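Residue numbers (this note's numbering): 63 to 376. Below: the structure, in structure tokens.
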């Protein structure tokens, strides 16, 4: 398989995560939905294989670049999601109350913000669509960078996302939080008018998972577990930063992801401090990836000639 150094690194990280997943699942009590994950793994693997064929044939470097990156993105997302669930149960969630008190000190209240948004259901619907667009945005940026032949930017994008996700999961595994939805019971009418993604019922499911863990780890029932730090904030910043070179689209991504801030707070069921932590995680991930550029990046000559790069990295 013809892979660039950054792609090999991502594949190695995925392999380590899969080993961790298998170990944790074998030690835990949850069943694993092999049949549910198999088609998704097959899609990711097929994309990598097809991209490798395009690359090896020399027919299209951009197509091969985009397809391999998309396949790696899917496989990492699956492995990371399974790891997050395999770490359950985490016990009683005590940190959320402290974060809510910190929010209060700076004048923010999740129930009050949701109540305010209930007065503007159309605006809330727009924010809901924006909130659920995060993964689609990342895939769009990935495809645009890939088909644009922006090898280094695409690889940095992948590695920053992976580093950010691992930092978020790592912190959460030590100090788990699941957001204010586990603390407050909002009026049913308010939830309906806002069309909340993370409802009081959603919060009850999160508390149950924290205390008892999942019965089955399956892609059909995947909830967002990590509140602090907010990974949606990391994804929003990734979309802005890596779409910025795309001049015709930079304003669109900037506008959408500026609106992502209230969307994350309301529909993501987040403490305000979660977003600050998400910004910090993104900055750390970006710093680490750029500081380690010599380890994964191609030099200028090999960037100009992908074929030469592959000959030197068989």
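Each residue gets a CB set at the ideal place from its N, CA and C atoms; glycine is no exception. Predicted model, so just to flag it, every value in this text is computed and none were measured.
C-beta contact flag for residue i and residue j at 8 Å
i	j	result
residue 272	residue 152	yes
residue 249	residue 98	no
residue 294	residue 196	yes
residue 244	residue 269	yes
residue 109	residue 133	yes
residue 286	residue 158	no
residue 328	residue 175	yes
residue 344	residue 226	yes
residue 141	residue 87	no
residue 202	residue 333	no
residue 215	residue 360	no
residue 207	residue 223	no
residue 128	residue 66	no
residue 172	residue 274	no
residue 319	residue 339	no
Start-to-end residues for the alpha helix (DSSP H) that takes in residue i
i	result
residue 264	262-274
residue 191	183-193
residue 91	Run containing residue 91: none; DSSP gives neither H nor E here.
residue 218	213-236
residue 168	Premise fails: residue 168 is in no alpha helix (DSSP H) and is neither H nor E.
residue 198	196-209
residue 251	250-256
residue 133	123-148
residue 118	96-119
Rounded Cβ spacing between residue i and residue j (contact assumed at less than 8 Å)
i	j	result
residue 71	residue 306	The Cβ separation is near 24 Å, so there is no contact.
residue 138	residue 76	5 Å
residue 211	residue 276	Wrong, their Cβ atoms sit about 42 Å apart, outside the cutoff.
residue 278	residue 230	With 8 Å as the limit, residue 278 and residue 230 do not qualify as a contact, their Cβ atoms being about 24 Å apart.
residue 265	residue 331	7 Å
residue 311	residue 68	Going by Cβ atoms, the distance from residue 311 to residue 68 rounds to 23 Å, so no, they are not a contact pair.
residue 337	residue 326	6 Å
Straight-line gap, residue i to residue j (C-alpha atoms, nearest Å)
i	j	result
residue 362	residue 292	Unreliable placement is indicated for residue 362, whose pLDDT of 45 sits below 50; the coordinate value is still reported in the next sentence. If you take the alpha carbons of residue 362 and residue 292, they lie about 35 Å apart.
residue 14	residue 78	In the structure as shown, the chain begins at 63 and stops at 376. Residue 14 is therefore absent and cannot be evaluated.
residue 102	residue 167	44 Å
residue 187	residue 131	32 Å
residue 317	residue 324	12 Å
residue 217	residue 64	15 Å
residue 194	residue 348	24 Å
residue 313	residue 257	27 Å
residue 352	residue 255	44 Å
residue 181	residue 321	17 Å
residue 335	residue 238	14 Å
residue 234	residue 290	7 Å
residue 232	residue 309	35 Å
residue 185	residue 342	28 Å
residue 191	residue 261	16 Å
residue 116	residue 122	6 Å
residue 252	residue 95	35 Å
residue 354	residue 113	26 Å
residue 100	residue 119	28 Å
residue 183	residue 283	27 Å
residue 263	residue 135	30 Å
residue 89	residue 106	27 Å
residue 150	residue 85	13 Å
residue 82	residue 228	13 Å
residue 93	residue 189	35 Å
residue 356	residue 111	27 Å
residue 198	residue 350	25 Å
residue 300	residue 179	26 Å
residue 288	residue 267	14 Å
residue 259	residue 91	29 Å
residue 80	residue 236	20 Å
residue 169	residue 160	14 Å
residue 154	residue 304	38 Å
Any non-hydrogen atom of the ligand PLP within 7 Å of residue i CB
i	result
residue 206	The model depicted lacks the ligand PLP and carries no ligand whatsoever.
Of all the alpha helix (DSSP H) runs that stay within the bounds of the region 295-335, which reach a length of 4 or more residues? 312-329
Could you name each continuous alpha helix (DSSP H) segment of 4 residues or more that falls completely within the region 334-361, going from the start of the chain to the end? 334-353 and 355-358
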